[in-house]
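Below is one structure; the comments refer to it alone.
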Amino acid sequence: MPIRVLDATVAAQIAAGEVIERPASVVRELVENALDAGARRIAVEARGGGLREIRVQDDGCGIPADEVELAFARHATSKLSSADDLWSITTLGFRGEALPSIAAVAQVICITRAANADVGVELRIAGGEVQAIMPRGCSPGTTISVRNLFYNTPVRREFLRSDATESAAITAVVTQYALAYPEVRFSLSIDGRVTLQTSGNGDLRAATIEIYGLDVARQLLAVDAAAGEGIDYVHVSGLVSPPGLTRSSRAAIHLFVNRRAIQPRGQIAIVLEEAYHTLLMKGRHPMAILNIDVHPAAVDVNVHPTKSEVKFRNTTQVMSVLGRAVRAALLESGVRPWEEAGIPASLDTAQRRFELRRLGTSSHESAWDTPPWMSVSDEPGSASAPTGGWRDEGQSGAWQREPVTPPAAPPMVQTSKLPPLRIIGQIAQSYIVAESPDGMYLIDQHAAHERITYERLMVQRGAGVIESQELLIPQVVDLPPTAQNLLLAAADRLAEWGFVIEPFGRSLRVRAIPATLYPGDLATALLEIADHLSGRGGTTPHEWREAMLITLSCHTSVRAGQTLSFDEMRGLVMQLEQCASPRTCPHGRPTMILLTTTQIERQFGRIT
Ligand code: ADP
Ligand code: MG
């Protein structure tokens with residue numbers, strides 16, 4: 033084919049694709065424009081996942097009638113005048129690309145009135161073509177309505193996810209800005225339902241309450257630290273979670289640079305999480321709402337079409353202030369690794385470290401997972417084991433081995449992949465000690481219960497009936513709007529897993545839960561499920577099913593730090609014996625470790 037210059041419409045559509053990936057991008061651009069216009073109130077409405085309509089109304093400075101058409105021209109901006117300005121950007125927008133890009137792929141109506149104008153103006157533009165422009169009475173400010181997004185680019189439309197997922201992405205954008213600008217009053221309505229509203233009173237914690245609920249917001253720790261001057265100035269401020277309050281994803285990490293939202297990825301996220309040092313469990317993430325203020329010339333925001341990544345002039349300095357700021361907040365709040373985990377301060381360092389590892393709060397556990405002298409045997413139960421010769425001694429906890437005589441109690445089920453186990457007792461309120469013909473077993477009670485629950489749920493799911501338990505008093509759960517909307521949109525799929533949920537004002541009400549779920553973990557479990565629904569970790573039916581099985585088995589009633597009676601321990605071990613893979617938990621960690629008689633004898637120097 034000969035080389036040709038693309039016609040203007042096609043070129044505009046291609047360019048639009050870079051800026052406008054999905055409905056949430058439109059919301060982001062329009063909200064940024066409203067903020068740049070100095071708005072104190074911003075109302076966002078979305079219908080049909082934002083494809084049918086997105087409407088953003090602000091009370092900002094408005095666009096003068098004779099400039100409104102220009103605002104929709106490519107590279108038209110009131111925010112930059114020379115190339116030098118690019119090195120000190122103080123507005124969220126600067127490229128003059130958003131409005132033309134949106135207008136290239138949708139039907140747009142812009143109604144605006146500049147603060148000093150008597151009357152406003154209405155501009156209609158679709159597929160990049162101006163269709164009408166006329167005077168119009170309206171209050172000062174700007175309302176932009178974007179209808180039938182991607183109507184003329186069907187391929188782009190096909191790449192979009194469900195309406196619920198797109199609505200969730202829109203909610204996430206509005207949430208970001210509501211947190212970055214607590215002095216602006218935000219409201220969001222999705223398909224006619226108000227899902228988010230902040231007061232705009234300027235208090236970050238108040239805005240956080242609106243989004244994460246009072247319980248969470250009041251636990252967050254204030255962060256505030258500054259260093260340097262002039263171009264080296266760095267100020268980190270906001271809120272972070274104490275170590276006990278964690279999430280299974282980084283969805284609750286909100287990071288801003290000069291109040292511009294950036295992705296919680298890369299070095300910034302790593303530095304933030306490292307500030308928690310050993311306080312975070314593997315796979316858990318803190319919550320954070322942090323703004324990093326730097327000199328406008330010390331940051332390059334022009335590295336990504338959606339402006340969601342930035343480059344610092346002095347990254348090392350920024351990272352060090354960030355790390356120090358978060359650590360200081362954790363320390364000032366009196367959080368100490370050992371106290372947080374409920375370990376007495378009287379223990380010496382080595383003991384504390386041991387306790388922390390025992391509680392699983394260390395990220396460097398490997399050395400303790402399998403001490404050199406213990407091994408997890410994968411062999412099936414020893415064939416020579418005297419069936420029935422090992423019987424639980426009840427509360428007496430006697431250590432002697434019983435003579436091999438037929439027991440009065442029915443023999444233990446021997447279908448399992450485990451040797452017969454005689455329960456001796458519990459240590460550290462977390463591990464069951466049991467004796468078997470091949471030595472001594474330590475069974476992690478929580479991991480064991482996870483395995484049992486996982487397999488039970490798998491069977492129930494296979495049969496199509498997850499055992500559900502109706503709550504006597506339906507529980508109202510306050511979750512971030514994004515999570516809530518995803519869950520409500522998936523109510524049918526959740527019903528298959530034993531959850532009965534419904535909208536309740538701006539919250540969510542739970543009427544029934546899977547019978548295996550520990551009610552105290554309800555909110556955490558729902559948040560994790562919302563994460564799965566948002567597509568993290570895959571979206572095939574198989575991945576969804578696996579994610580649900582793991583989440584639900586994770587939140588069972590038997591936990592570490594809980595005293596178990598002999599009956600409970602016996603019940604647990606018997607159920608574990610019925611499992612197809614009793615030796616690992618669903619995450620792949622061992623449920624038990626074995627110290628063989630030979631190993632014990634070697635430790636005592638009886639054999640070499
Ligand atoms: P940019 O924000 O990069 O300047 P846009 O295409 O988003 O580019 O907007 C073009 C121009 O239109 C802006 O520079 C601004 O002057 C004007 N504008 C857009 N939205 C608004 C608004 N909500 N209020 C006032 N002016 C606006
Ligand atoms: Mg803009």
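Once you know that position 539 of the sequence shown is 571 in our numbering, the rest is easy, because the numbers rise by one and skip nothing. Backbone N, C-alpha and C define an ideal beta-carbon position, used for all residues, glycine too.
Could you check the C-alpha separation between residue 54 and residue 198 for me, to the nearest Å?
Looking at the two C-alpha atoms, the distance is approximately 8 Å.
Grab me the residues of residue 123's own chain with a C-beta within less than 6 Å of its C-beta, minus the 5 sequence neighbours each way, in chain order.
The residues are 68 and 111.
Below 8 Å on the Cβ atoms is my contact criterion, and I expect residue 492 with residue 499 to pass it. Report the Cβ-Cβ distance as a whole number of Å.
Right, the Cβ-Cβ distance comes to about 6 Å (below 8 Å), so this counts as a contact.
Is the beta carbon of residue 203 closer than 7 Å to that of residue 514?
Cβ distance < 7 Å, so residue 514 and residue 203 count as in contact.
Count the other CB atoms within 10 Å of the CB of residue 34; is the residue buried (16 or more) or exposed (fewer)?
Classification for residue 34: exposed.
Looking at the secondary structure, which residues open and close the beta strand (DSSP E) in which residue 143 lies?
Start and end: 139-145.
Do you know offhand how far residue 77's Cα is from residue 557's?
Going by the C-alpha atoms only, they are around 29 Å apart.
Short of 6 Å in beta carbon distance, which residues of its chain neighbour residue 640, apart from the five on each side in sequence? Order them along the chain.
Closer than 6 Å at Cβ, skipping near neighbours: no residue.
Would you check if there are 3 or more beta carbon pairs closer than 8 Å linking the stretch 91-107 to the stretch 234-246?
Contact fails: fewer than three Cβ-Cβ distances are below 8 Å.
Is DSSP giving residue 171 helix, strand or coil here?
Note: residue 171 maps to coil in three-state DSSP.
What residues are listed by DSSP as bridge partners for residue 628?
In the DSSP output, where bridge partners are listed per residue, residue 628 has 471.
With a threshold of 6 Å, establish whether the CB of residue 65 neighbours any heavy atom of the ligand MG.
Under cutoff, so the answer is yes.
Could you please give the first and the last residue of the uninterrupted alpha helix (DSSP H) stretch that includes residue 298?
It spans 298-306 - the alpha helix (DSSP H) in which residue 298 sits, taken as one unbroken run.
Out of 481, 478 and 454, point me to the one whose CA is closest to residue 469's CA.
Residue 469 has its Cα closest to that of 454, out of 481, 478 and 454.
Consult DSSP for residue 150 and reduce its assignment to one of helix, strand or coil.
The answer is coil: DSSP assigns residue 150 none of H, G, I, E or B.
The alpha helix (DSSP H) spanning residue 289 covers which residue range?
Run containing residue 289: none in the alpha helix (DSSP H); it sits in the beta strand (DSSP E), 285-289.
If you drop the 5 nearest sequence neighbours on each side, which residues of the same chain put their C-beta closer than 6 Å to that of residue 82?
Cβ neighbours of residue 82 beyond the five flanking positions: 55, 198 and 202.
Check whether the Cβ atoms of residue 125 and residue 65 lie closer than 7 Å to each other.
Yes, Cβ-Cβ distance for residue 125 and residue 65 is below 7 Å.
Which word fits residue 107, buried or exposed, when buried means at least 16 other C-beta atoms lie within 10 angstroms of its C-beta?
Answer is exposed; the Cβ neighbour count stays below 16.
If you drop the 5 nearest sequence neighbours on each side, which residues of the same chain put their C-beta closer than 6 Å to that of residue 324?
Only 268 and 289 meet the Cβ criterion.
Between residue 447 and residue 610, what straight-line distance do the alpha-carbon atoms span, to the nearest angstrom?
Low local confidence applies: a pLDDT of 44 at residue 447 is under 50, so the model's placement there is unreliable, with the coordinate-based value given in what follows. Near 7 Å, if we compare the C-alpha coordinates of residue 610 and residue 447.
Give, in chain order, every unbroken run of the beta strand (DSSP E) that is at least 3 residues long and sits entirely within the stretch 207-259.
Listed in chain order, they are 217-222, 225-229 and 253-259.
Going by C-alpha to C-alpha distance, which of 537, 263, 190 and 363 sits closest to residue 256?
Comparing Cα-Cα distances from residue 256 to each of 537, 263, 190 and 363, the minimum goes to 363.
Assuming residue 214 and residue 239 form a contact by the criterion Cβ under 8 Å, report the distance between their Cβ atoms to the nearest whole angstrom.
Rounded, the Cβ-Cβ distance is 4 Å, consistent with contact.
Just the C-alpha distance for residue 207 and residue 74, rounded to the nearest angstrom, thanks.
Their backbone Cα atoms lie some 12 Å apart in a straight line.
Taking DSSP as the reference, what is the three-state secondary structure of residue 323?
In the structure shown, residue 323 sits in a strand (DSSP, three-state: E or B).
CA-CA distance, residue 285 and residue 316?
C-alpha separation (whole angstroms): 12 Å.
Going by C-alpha distance, which of 139, 163, 135 and 229 is nearest residue 537?
Answer by Cα proximity: 229.
Apart from the five residues just before and just after residue 167, which ones in its own chain have a Cβ nearer than 8 Å to its Cβ?
97, 151, 152, 153 and 154, listed in sequence order.
Below 6 Å CB to CB, which residues in the same chain sit around residue 157 once its five sequence neighbours on both sides are set aside?
Excluding positions up to five away in sequence, the list reads 104, 135 and 140.
Determine the DSSP secondary structure at residue 41, reduced to helix, strand or coil.
Residue state, collapsed to three classes: helix.
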